[in-house]
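Trainee: The sequence shown maps to residues 322 to 394 in the numbering used here. All C-beta atoms, glycine included, are put in the ideal place defined by N, C-alpha and C. None of these values were measured; they are calculated from a predicted model.
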Amino acid sequence: MPTWPELQSQLQALRDDVPSMLRETPDTATFFDTFAGKADFILKRAPPDMVESVHTELGAILRDMKLADDGED
Numbered sequence: 322m323p324t325w326p327e328l329q330s331q332l333q334a335l336r337d338d339v340p341s342m343l344r345e346t347p348d349t350a351t352f353f354d355t356f357a358g359k360a361d362f363i364l365k366r367a368p369p370d371m372v373e374s375v376h377t378e379l380g381a382i383l384r385d386m387k388l389a390d391d392g393e394d
């Protein structure tokens, strides 16, 4: 099982890939399918005690890229 630093490295790589994924996908649905596939790969490798942290980081990636609502009005 990967350590938290290894998961962080994978999450950072995913974050770094988002701009090119946005350019290369024809529509929003395709982007989210691609993102979800990559996120799922990371989540499946995460130890149970780190899954919530990975979910939090994935949400932060989407919010930082203005792809998800931050929940604030």
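When we look at the beta-carbon of E378 and count the other beta-carbons within 10 Å, is it buried (16 or more) or exposed?
Mentor: buried
Trainee: Contact between the stretch 361-372 and the stretch 336-346: three or more CB pairs below 8 Å?
Mentor: no
Trainee: Whose CA, out of Q333, V375, M342, M322, lies closest to the CA of F356?
Mentor: M342
Trainee: Can you check which of these residues, K387, E373, E345, is closest to L328 by C-alpha distance?
Mentor: E373
Trainee: Should A350 be labelled buried (16 or more other beta-carbon atoms within 10 Å of its own) or exposed?
Mentor: A350 is exposed by the Cβ-count criterion.
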